[in-house]
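Engineer:
Protein chains: 2
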Amino acid sequence: MSVDQNAALLVIDMQRGFLSPRSPLCIEGAAATVPACAAVIDACREKGIPVFFITRAYAADGSDVERPRRAAWEAGGKPLSPGCDEEISDAMPEAFGSDGRDYHIVKPRYSAFFATELDLVLRRLGVERVILAGTTTPNCIRTSCYDAISLDYDVTVLSDCTSSKTPEIQQSNLRDMANAGAEVISAAELLLRI
Amino acid sequence: MSVDQNAALLVIDMQRGFLSPRSPLCIEGAAATVPACAAVIDACREKGIPVFFITRAYAADGSDVERPRRAAWEAGGKPLSPGCDEEISDAMPEAFGSDGRDYHIVKPRYSAFFATELDLVLRRLGVERVILAGTTTPNCIRTSCYDAISLDYDVTVLSDCTSSKTPEIQQSNLRDMANAGAEVISAAELLLRI
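Structure (structure tokens):
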């Protein structure tokens, strides 16, 4: 990103229901990205870059769970829904802390933009570039990346703040997003610039 | 797809501007899928399965070209826009023929659902499953697949009616869509079922 460009950090789906090995929706590798995500979150707060936490919360009856995921959700303790075990709840890692200036948006599907107010809020803030962190790279990060490009945002994807079930899935998705015009850099590279 | 499920075929971006080697937006491998796409289109028409042609048409001034693609579009003869060379125009292959029952939708971005009436028309028709053909697999096919899942459609992706710049990109994207819950089958497998 250019240093004079208005940016926002989007932290997507970093919740116990995706991080805990006890969740049927656990993404191997996501928990390992928590320290890098926390470092980027802290740096953005310090520099006045808006931080958006975009998370998933399912209804108790599962009426808003994506259809292909519904059976695993039902059988696996209904993660991310009211009344589920705390270990697989929608809570975020304590390492992220909290700041009164943070934005919190709940999304019902993969993309952070799908049926949410995210685009409206980013426009109001004059944001030109979104920086993507969170999980999973092939699903929620990638759909958010393509929607952001479609909505005319520039996109930066943080390679070590995003995660996939396997290294091969991670690499092939970072490649495709770079081919589509996204910038793919590490957390350390971002921290040198902001 | 189950034989009693209402389906629709979506043929995406199969236009000279993406098929011609003379276009800056050419997808290597897309032209080779024209015969398989034509066979599926004919079979769907015969069985009364609605066929949607979802295509791209850019404004002459480029105001609706995706930003990461804008420079290549400008330098490469402004493909898919009024007044461009016929060889890189928005015309579809003659092999697809035409049928008065076909639906035609112009989309401004990657996904067939983004800022189009596609979802409204599919719902009106009672469609439960979309069958995806066209190009490119990592961009327009995949974003359409994820939007379709998000909108509660079942999805079938035709492995040999879709195309990518390299075989590796094609395979990794088919894998990810299968992981997300899409059915990935060949045109021949589809023809045996409908």
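Taken in order, these protein sequences are the chains called X and U.
By the numbering used here, the letter at position 28 of the first sequence is numbered 55, and the numbering carries on one by one without gaps.
By the numbering used here, the letter at position 174 of the second sequence is numbered 201, and the numbering carries on one by one without gaps.
C-beta atoms are modelled at their ideal positions from N, C-alpha and C, and glycine is treated no differently.
Say whether chain X places a C-beta atom closer than 9 angstroms to the C-beta of Asn206 (chain U).
Structural biologist: Yes, Asn206 (chain U) lies at the interface with chain X (some Cβ there is under 9 angstroms from its Cβ).
Engineer: Could you work out which residues of chain U lie near Thr193 (chain X), taking near to mean beta carbons separated by less than 9 angstroms?
Structural biologist: Here the premise fails: no neighbours, minimum Cβ distance about 10 angstroms.
Engineer: Label Gln32 (chain U) either buried or exposed according to how many other C-beta atoms from any shown protein chain fall within 10 Å of its C-beta, with 16 as the threshold for buried.
Structural biologist: So Gln32 (chain U) ends up on the exposed side.
Engineer: Restricting to Cα atoms, I'd like to know which of X:Asn206, X:Ser213 and X:Arg43 is closest to Cys111 (chain X).
Structural biologist: Considering only alpha carbons, the answer is X:Arg43.
Engineer: Return the chain-ordered list of same chain residues with a C-beta closer than 8 angstroms to the C-beta of Ala142 (chain X), the five sequence neighbours on each side being excluded.
Structural biologist: Contacts found: Lys134, Pro135 and Arg136.
Engineer: What are the residues in the segment 84-98 of chain U lying within 8 angstroms of chain X by C-beta distance?
Structural biologist: Result list: Glu93, Arg94, Pro95 and Arg96.
Engineer: Just to confirm the assignment: which complete beta strand (DSSP E) runs, minimum length 3, are found wholly within the segment 81-147 of chain X?
Structural biologist: Runs found: 130-134.
Engineer: Got a sec: which bits of the segment 141-152 of chain X sit with their beta carbon under 9 angstroms from any beta carbon on chain U, in order along the chain?
Structural biologist: Taking 9 angstroms as the Cβ-Cβ cut-off against chain U, the residues of the segment 141-152 of chain X that qualify are Phe141 and Ala142.
Engineer: How far does the alpha helix (DSSP H) with Ser6 (chain X) in it extend, from its first residue to its last?
Structural biologist: Missing from the structure shown is residue 6 (chain X); chain X here goes from 28 to 221 and no further.
Engineer: Do Val78 (chain X) and Asp129 (chain X) have their C-beta atoms closer together than 9 angstroms?
Structural biologist: Yes.
Engineer: If the criterion is Cβ atoms closer than 9 angstroms, does the pair Ser190 (chain X) and Thr170 (chain X) meet it?
Structural biologist: For Ser190 (chain X) and Thr170 (chain X), no; Cβs fall outside 9 angstroms.
Engineer: Please go through the same chain and pick out, in chain order, the residues whose beta-carbon is closer than 7 angstroms to the beta-carbon of Phe45 (chain U), but skip the five residues on each side of it.
Structural biologist: Answer for Phe45 (chain U): Leu52, Cys53, Ile54, Ala57 and Thr162, listed in chain order.
Engineer: Comparing the C-beta of Asn200 (chain U) with each C-beta of chain X, is any distance below 9 angstroms?
Structural biologist: It does: the Cβ of Asn200 (chain U) has a partner Cβ on chain X nearer than 9 angstroms.
Engineer: For Asp69 (chain X), which of helix, strand or coil comes out of DSSP?
Structural biologist: Helix.
Engineer: Under 9 angstroms between beta-carbons, which chain X residues line up against Ser177 (chain U)? List them in chain order, please.
Structural biologist: Within chain X, the residues near Ser177 (chain U) are Glu93, Pro135, Arg136, Tyr137, Ser138, Phe141, Ala142 and Thr170.
Engineer: Take every Cβ of the segment 64-76 of chain U, pair it with every Cβ of the segment 95-113 of chain U, and state whether three or more of those distances are shorter than 8 angstroms.
Structural biologist: No: the two stretches stay apart, fewer than three of their Cβ pairs being nearer than 8 angstroms.
Engineer: Are any of the Cβ atoms in chain U nearer than 9 angstroms to that of Pro165 (chain X)?
Structural biologist: Judged by the 9 angstroms Cβ criterion, Pro165 (chain X) is in contact with chain U.
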